[in-house]
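Number of protein chains: 2
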Amino acid sequence: MNRRSFLRHSAAFAALPILRPESDRVFVPGMQPAPLRVNGARLNGWLAGFDRIGRTAGGINRVAYSEADLAGRAFTLDLFREAGLTPRVDTAGNIFGRIDGTDRSLRPILIGSHVDSVTDGGNFDGPVGSFGALEVAHSLREQAVRLRHPLDVVVWSNEEGGTIGSKCAIGYLKPADLDKVARSGKTIREGIGLVGGDVARLSEAVLKKGDLACYIELHIEQGGLLEKAGLQIGVVEGIVGLRWFEITITGFSNHAGTTPMDQRQDAMLAAAKFTVAVNEAVRGVPGRTVATVGRVTVTPNTTNVIPGQVVLTVDLRDLDAAKVEQFTQRFEQLGREIGAATRTTFAFSRTVDSAPAISDQKVMTWIDGAARSLGLTRQRMPSGAGHDAQEIAHIASMAMIFVPSVGGISHSPREFTKPEDVVNGANVLLNAVVAADR
Amino acid sequence: MNRRSFLRHSAAFAALPILRPESDRVFVPGMQPAPLRVNGARLNGWLAGFDRIGRTAGGINRVAYSEADLAGRAFTLDLFREAGLTPRVDTAGNIFGRIDGTDRSLRPILIGSHVDSVTDGGNFDGPVGSFGALEVAHSLREQAVRLRHPLDVVVWSNEEGGTIGSKCAIGYLKPADLDKVARSGKTIREGIGLVGGDVARLSEAVLKKGDLACYIELHIEQGGLLEKAGLQIGVVEGIVGLRWFEITITGFSNHAGTTPMDQRQDAMLAAAKFTVAVNEAVRGVPGRTVATVGRVTVTPNTTNVIPGQVVLTVDLRDLDAAKVEQFTQRFEQLGREIGAATRTTFAFSRTVDSAPAISDQKVMTWIDGAARSLGLTRQRMPSGAGHDAQEIAHIASMAMIFVPSVGGISHSPREFTKPEDVVNGANVLLNAVVAADR
Numbered sequence: 001m002n003r004r005s006f007l008r009h010s011a012a013f014a015a016l017p018i019l020r021p022e023s024d025r026v027f028v029p030g031m032q033p034a035p036l037r038v039n040g041a042r043l044n045g046w047l048a049g050f051d052r053i054g055r056t057a058g059g060i061n062r063v064a065y066s067e068a069d070l071a072g073r074a075f076t077l078d079l080f081r082e083a084g085l086t087p088r089v090d091t092a093g094n095i096f097g098r099i100d101g102t103d104r105s106l107r108p109i110l111i112g113s114h115v116d117s118v119t120d121g122g123n124f125d126g127p128v129g130s131f132g133a134l135e136v137a138h139s140l141r142e143q144a145v146r147l148r149h150p151l152d153v154v155v156w157s158n159e160e161g162g163t164i165g166s167k168c169a170i171g172y173l174k175p176a177d178l179d180k181v182a183r184s185g186k187t188i189r190e191g192i193g194l195v196g197g198d199v200a201r202l203s204e205a206v207l208k209k210g211d212l213a214c215y216i217e218l219h220i221e222q223g224g225l226l227e228k229a230g231l232q233i234g235v236v237e238g239i240v241g242l243r244w245f246e247i248t249i250t251g252f253s254n255h256a257g258t259t260p261m262d263q264r265q266d267a268m269l270a271a272a273k274f275t276v277a278v279n280e281a282v283r284g285v286p287g288r289t290v291a292t293v294g295r296v297t298v299t300p301n302t303t304n305v306i307p308g309q310v311v312l313t314v315d316l317r318d319l320d321a322a323k324v325e326q327f328t329q330r331f332e333q334l335g336r337e338i339g340a341a342t343r344t345t346f347a348f349s350r351t352v353d354s355a356p357a358i359s360d361q362k363v364m365t366w367i368d369g370a371a372r373s374l375g376l377t378r379q380r381m382p383s384g385a386g387h388d389a390q391e392i393a394h395i396a397s398m399a400m401i402f403v404p405s406v407g408g409i410s411h412s413p414r415e416f417t418k419p420e421d422v423v424n425g426a427n428v429l430l431n432a433v434v435a436a437d438r
Numbered sequence: 439m440n441r442r443s444f445l446r447h448s449a450a451f452a453a454l455p456i457l458r459p460e461s462d463r464v465f466v467p468g469m470q471p472a473p474l475r476v477n478g479a480r481l482n483g484w485l486a487g488f489d490r491i492g493r494t495a496g497g498i499n500r501v502a503y504s505e506a507d508l509a510g511r512a513f514t515l516d517l518f519r520e521a522g523l524t525p526r527v528d529t530a531g532n533i534f535g536r537i538d539g540t541d542r543s544l545r546p547i548l549i550g551s552h553v554d555s556v557t558d559g560g561n562f563d564g565p566v567g568s569f570g571a572l573e574v575a576h577s578l579r580e581q582a583v584r585l586r587h588p589l590d591v592v593v594w595s596n597e598e599g600g601t602i603g604s605k606c607a608i609g610y611l612k613p614a615d616l617d618k619v620a621r622s623g624k625t626i627r628e629g630i631g632l633v634g635g636d637v638a639r640l641s642e643a644v645l646k647k648g649d650l651a652c653y654i655e656l657h658i659e660q661g662g663l664l665e666k667a668g669l670q671i672g673v674v675e676g677i678v679g680l681r682w683f684e685i686t687i688t689g690f691s692n693h694a695g696t697t698p699m700d701q702r703q704d705a706m707l708a709a710a711k712f713t714v715a716v717n718e719a720v721r722g723v724p725g726r727t728v729a730t731v732g733r734v735t736v737t738p739n740t741t742n743v744i745p746g747q748v749v750l751t752v753d754l755r756d757l758d759a760a761k762v763e764q765f766t767q768r769f770e771q772l773g774r775e776i777g778a779a780t781r782t783t784f785a786f787s788r789t790v791d792s793a794p795a796i797s798d799q800k801v802m803t804w805i806d807g808a809a810r811s812l813g814l815t816r817q818r819m820p821s822g823a824g825h826d827a828q829e830i831a832h833i834a835s836m837a838m839i840f841v842p843s844v845g846g847i848s849h850s851p852r853e854f855t856k857p858e859d860v861v862n863g864a865n866v867l868l869n870a871v872v873a874a875d876r
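Here's what the structure looks like:
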């Protein structure tokens, strides 16, 4: 356990006022009721306790299927029980728990997130939404609020490794993916077994279109837009489409001292021109498109040799599929132009290609109304990061609730969301669920 | 042994006419004598035989102090003996052999090169000049040409690791350098012992100013200037000054999906702008300056993370020390400008800094005259690559003879110099030595 970190978080949430359960509330049809509120101190206490698990000098390390992930899941299973839900692990390793509704004909409202982390990550990406959903269920029971719909809380397995649990839940995981090696060093096949799933019966984990009333996921923003705008809640309009390119630029390695500047086929110079051109292309068009050259591998990568080959990646994202396609064509054109100018060749391959997942207008309205009733400032915004919600969007209406990340930092030990923002997010989730239930 | 390669070389030099030794030549003072000629078939035969040593699937691997280097040196010692020279290994591991002159008051003329290679290199960088020098000595003895000066043939040790043997020979190797690890995995201290030197007595290997009449080194060009100009001989005006920079660009790692384009501190974008700007700066000024970004290390080097740090190298060379200084200042200015524009910081360090070594006019005239007497086309040119001659320039008049590299390729298994060009180079060396002796 990282004691300093525990104390920091403890001190932060201890300063919050204790919110009293309002179990005596009465719902009067036609009148706007006062919003429900979760027990914020309890929720932040869970997060502070969870911070002990998988914390190393480099940050939180609860990568899926690791010892720390198993410990994190055990902690989470206890929270299901504490919230009064009987946890069930499906054959994909996802954890579900239900509060029955009053109307047996209605399909369940699903809420939740994940608890696994990236390497050297933080304690908020995933747990805020998972524990937030558990706190919503806990509060509803505690405050004796009965919903008409069943309420299912889910904690998806291995989100950070490519939304594996939620992909299984919609039947989208390819059999070949089972043999891929996760960050823990274990294959996904081994990992699913370790967390209590059963790869031989994966089909039993599949949810079909129409199985759910809707899906709502609370998550930290992982960007700086809310903080910069001074807003408390993001109503997520959708999860951007993502296309990854791996581009191999081939020139010719030669002696850095003896080859005149005008006789070179310098793959690094071509890569540099391309990196600048991709950035200028995206910034030159209004909108929220992002494109990143994140990985660059130079061969032979020696001070006194002109690079003969560079392999680089471009990560391209936009909520608008047409824009993703438009920039794809622009990048390929840039490759041809820069290749001709530098006597190199550009070969493009697409390693990831996921379509945008658009939020449901109705679900967004519930979230928006919940935030309004709580007096919270808010804006609609896309999610630039991937989430389990993008998978569930294939089979159900969904939307997400974002709360601010301090400094826009995520996937980092410096990732932090203020306790009051965690509580705001859970309160919005609670009231959005109530709105969805009406 | 790579049999295909051996056959290729054998076939190439077997096609040459056999040159007969002209031992009956008579020198008539005041008359321009016919030029001497080496035994070209023998010289190319040595090179073909040497191609068996250290050849792997990746190319020639005779990195200094390796098993293959030791085998290459044993082969070379045999050639000293075949040429009628008694080899002597100095305390730095350099191999020397002498033909006495007729005038005991004169200082020796020194000729030679090296036989170690880079990783995955070729068979011509070094051996052409080493064996060329041995063939010159062999031909002089065979043709009964007595020089007034002693003629010393030298094969320097560990040229590719930073002209270590020749640095020792001028007393420039720093004691700390002895503990550096060479490409073979051995320290220079261990390596010098392995090749027959004695680090405790390194001072005995030092040549002082005035110890030599002059130094002439034959070498392959390692560039494409001669081939492109259709010329046979390069008369090297000097070895360019070389400055290596290691530049650390620091931005801030963040999520590639959630961080808007205008809120990034992208170290890779800064590195790309800098790489393009360095290229444009050098190409924008007339002359033969070269600058190369050869090594690029990106952190964290992950597709979906904005790079937080890039370390890159610049290799800058010019024969004119003022230009090296001028471009140093320009690059540092570019770093400041691009850093400010991209919200990154540039930190420069110089890892190598060697001043230009200017050839001696008199020695160049001898080389020029030798090429002219042989009817060979030629031009004066700088050497963009470093050579042992740049060290010896500190204590003696020197110049170098270049012969063309096919395609300008070197430090590559595709490195190749045509047998007739090898012979041309050795003939020029032979007649330059005779001119120096007059």
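Protein sequence lines, in the order shown, are assigned to chains A and B.
Heads up: the first sequence begins at 1 in the working numbering, then just goes up one per residue.
Heads up: the second sequence begins at 439 in the working numbering, then just goes up one per residue.
Yeah, the Cβ is synthetic: ideal placement off N, Cα and C, and Gly gets one too.
Residue from B:Leu812, B:Ile830, B:Thr529, B:Ala827 with nearest C-alpha to Asn865 of chain B: Counting from 1 along the second sequence, the entry for residue 865 of chain B is found at position 427. Comparing C-alpha distances from Asn865 of chain B to each of B:Leu812, B:Ile830, B:Thr529, B:Ala827 shows the shortest one belongs to B:Leu812.
DSSP three-state call for Val801 of chain B: helix, strand or coil? Working through the second sequence from its first residue, we reach residue 801 of chain B at position 363. In this structure, Val801 of chain B counts as helix in the three-state DSSP scheme.
Sequence-distant residues of the same chain with beta carbon closer than 7 Å to Asn431 of chain A, five excluded per side: Against the first sequence, residue 431 of chain A aligns to sequence position 431. By the criterion of a C-beta distance shorter than 7 Å, Asn431 of chain A is surrounded in its chain by Pro35, Leu36, Ala370, Ser373, Leu374, once the five residues flanking it on both sides are discounted.
Arg493 of chain B - DSSP class collapsed to helix/strand/coil: If you number the second sequence from 1, residue 493 of chain B lands on position 55. Here Arg493 of chain B sits in strand by DSSP.
Taking the C-alpha atoms as reference points, what is the distance between Thr751 of chain B and Gly510 of chain B? Position 313 of the second sequence, counted from the start, is the residue given in the question as residue 751 of chain B. Position 72 of the second sequence, counted from the start, is the residue given in the question as residue 510 of chain B. About 32 Å.
May I have the straight-line CA-CA distance separating Ile188 of chain A from Ala389 of chain A, to the nearest angstrom? As a working mapping, residue 188 of chain A is identified with position 188 in the first sequence. As a working mapping, residue 389 of chain A is identified with position 389 in the first sequence. Cα to Cα, the separation comes out at about 20 Å.
Tell me where the beta strand (DSSP E) around Thr351 of chain A begins and ends. Taking the first residue of the first sequence as 1, we reach residue 351 of chain A at position 351. Element bounds for Thr351 of chain A: 345-354.
N-terminal and C-terminal residue of the alpha helix (DSSP H) that Met268 of chain A is part of: For the purposes of this step, residue 268 of chain A is taken as residue 268 along the first sequence, with counting starting at 1. Its alpha helix (DSSP H) spans residues 267-283.
Which residues mark the beginning and the end of the beta strand (DSSP E) in which Thr524 of chain B is found? Indexing the second sequence from 1 puts residue 524 of chain B at position 86. Where Thr524 of chain B is concerned, there is no enclosing beta strand (DSSP E), given that its DSSP letter is neither H nor E.
Identify every run of the beta strand (DSSP E) within the stretch 208-234 of chain A, keeping only runs that are complete inside it and at least 3 residues long; order them along the chain. The stretch 208-234 of chain A contains, as complete beta strand (DSSP E) runs of 3+ residues, the segments 214-220 (chain order).
Got a sec: is the Cβ-Cβ distance from Pro307 of chain A to anything in chain B below 8 Å? Within the first sequence, numbered from 1, the residue matching residue 307 of chain A stands at position 307. Taking 8 Å as the threshold, the shortest C-beta distance from Pro307 of chain A to chain B falls below it.
Output the distance between the C-alpha atoms of Ala874 of chain B and Gly487 of chain B, rounded to the nearest integer angstrom. On the second sequence, residue 874 of chain B is found 436 positions in, with the first residue counted as 1. On the second sequence, residue 487 of chain B is found 49 positions in, with the first residue counted as 1. Their backbone Cα atoms lie some 31 Å apart in a straight line.
Contacts that Ser848 of chain B makes with chain A (C-beta to C-beta distance below 9 Å): Position 410 of the second sequence, counted from the first residue, corresponds to residue 848 of chain B. Taking a Cβ-Cβ threshold of 9 Å, the residues of chain A close to Ser848 of chain B are Asn254, His255, Thr258, in chain order.
To which residues of the same chain is Ile99 of chain A closer than 6 Å at the C-beta, ignoring the five residues directly before and after it? The sequence position of residue 99 of chain A within the first sequence is 99, counting from 1. Closer than 6 Å at the Cβ level, and outside the excluded window around Ile99 of chain A, lie Ala137, Leu151.
Buried or exposed (CB count within 10 angstroms, at least 16 for buried), Phe784 of chain B: Against the second sequence, residue 784 of chain B aligns to sequence position 346. That one is buried.
Between the Cα of Lys800 of chain B and the Cα atoms of B:Gly676, B:Ser848, B:Glu775, B:Ala694, which residue gives the shortest distance? For the purposes of this step, residue 800 of chain B is identified with residue 362 of the second sequence, where counting begins at 1. For Lys800 of chain B, the closest alpha carbon among the candidates B:Gly676, B:Ser848, B:Glu775, B:Ala694 is that of B:Gly676.
Can you give me the Cβ contacts of Arg146 of chain A inside the same chain, cut-off strictly under 6 Å, excluding the 5 residues immediately before and after it? The residue given as residue 146 of chain A occupies position 146 in the first sequence. Here the set comprises Thr102.
Would you say Leu707 of chain B reaches chain A, if we count a Cβ-Cβ gap shorter than 8 Å as a contact? To locate residue 707 of chain B, count along the second sequence from 1; it is residue 269. Taking 8 Å as the threshold, the shortest C-beta distance from Leu707 of chain B to chain A falls below it.
Is the CB-CB distance between Ser117 of chain A and Val153 of chain A below 8 Å? To locate residue 117 of chain A, count along the first sequence from 1; it is residue 117. To locate residue 153 of chain A, count along the first sequence from 1; it is residue 153. Not a contact, by the Cβ cut-off of 8 Å.
Chain B residues whose Cβ lies nearer than 7 Å to that of Met261 of chain A: Walking along the first sequence from the start, residue 261 of chain A turns up at place 261. Correct list: Val720, Arg721, Val728.
Hey, quick one: how far does the alpha helix (DSSP H) through Val566 of chain B stretch, first residue to last? For the purposes of this step, residue 566 of chain B is taken as residue 128 along the second sequence, with counting starting at 1. Where Val566 of chain B is concerned, the enclosing alpha helix (DSSP H) stretches over 565-580.
Where Thr86 of chain A falls, given that 16 or more other Cβ within 10 Å makes a residue buried: Along the first sequence, read from residue 1 onward, the residue named residue 86 of chain A stands at position 86. Exposed is the call here.
Quick one: is Leu663 of chain B near chain A, going by C-beta distance under 8 Å? Position 225 of the second sequence, counted from the first residue, corresponds to residue 663 of chain B. Leu663 of chain B counts as touching chain A.
Residues in the stretch 639-664 of chain B having any Cβ partner in chain A nearer than 9 Å: Taking 9 Å as the upper bound on Cβ-Cβ separation, chain A lies near residues Glu659, Gln660, Gly661, Gly662, Leu663 of the stretch 639-664 of chain B.
What separation, rounded to the nearest whole angstrom, lies between the Cα atoms of Leu242 of chain A and Ala355 of chain A? Here residue 242 of chain A refers to the residue found at position 242 of the first sequence. Here residue 355 of chain A refers to the residue found at position 355 of the first sequence. Those two C-alpha atoms are separated by around 7 Å.
Going by other Cβ atoms of all chains shown within 10 Å of its Cβ, with 16 needed for buried, is Ala200 of chain A buried or exposed? Working through the first sequence from its first residue, we reach residue 200 of chain A at position 200. Exposure of Ala200 of chain A is indicated by the presence of fewer than 16 other C-beta atoms within 10 angstroms of its C-beta.
Looking at chain A, is there any beta carbon in it that lies within less than 8 Å of the beta carbon of Ala778 of chain B? The residue given as residue 778 of chain B occupies position 340 in the second sequence. So no, Ala778 of chain B is outside the interface.
Inter-residue spacing [alpha-carbon to alpha-carbon] between Lys666 of chain B and Arg343 of chain A: Numbered from 1 along the second sequence, position 228 holds the residue referred to as residue 666 of chain B. Numbered from 1 along the first sequence, position 343 holds the residue referred to as residue 343 of chain A. The alpha-carbon atoms of Lys666 of chain B and Arg343 of chain A are separated by roughly 18 Å.
Comparing the C-beta of Asn869 of chain B with each C-beta of chain A, is any distance below 8 Å? What you label residue 869 of chain B is simply residue 431 of the second sequence in a count that begins at 1. Residue contact with chain A for Asn869 of chain B: absent (no Cβ-Cβ distance below 8 Å to any residue of chain A).
Quick check on Trp594 of chain B - is its C-beta less than 8 Å from some C-beta in chain A? Start at 1 with the first residue of the second sequence, and residue 594 of chain B comes out as number 156. Not an interface residue.
Can you list, in chain order, the residues of its chain whose CB lies under 6 Å from that of Lys418 of chain A, leaving out five sequence neighbours each side? Against the first sequence, residue 418 of chain A aligns to sequence position 418. Only residues of its own chain outside the window of five on either side were considered, and among them none has a CB closer than 6 Å to the CB of Lys418 of chain A.
Are Gly384 of chain A and Thr740 of chain B touching if we call contact CB-CB under 8 Å? Along the first sequence, read from residue 1 onward, the residue named residue 384 of chain A stands at position 384. Along the second sequence, read from residue 1 onward, the residue named residue 740 of chain B stands at position 302. For Gly384 of chain A and Thr740 of chain B, no; Cβs fall outside 8 Å.
Between B:Asp649, B:Arg818, B:Gly824, which has its C-alpha nearest Ser543 of chain B's C-alpha? Along the second sequence, one-based indexing puts residue 543 of chain B at 105. It is B:Asp649.
So that I know if they touch, is there some Cβ in chain A lying closer than 8 Å to that of Asp758 of chain B? Here the question's residue 758 of chain B lines up with position 320 in the second sequence. No, no contact with chain A.
Helix, strand or coil: which one does DSSP assign to Asn561 of chain B? Start at 1 with the first residue of the second sequence, and residue 561 of chain B comes out as number 123. Coil, per DSSP.
Could you give the DSSP three-state label for Arg243 of chain A: helix, strand or coil? As a position in the first sequence, residue 243 of chain A is number 243, starting the count at 1. Strand, per DSSP.
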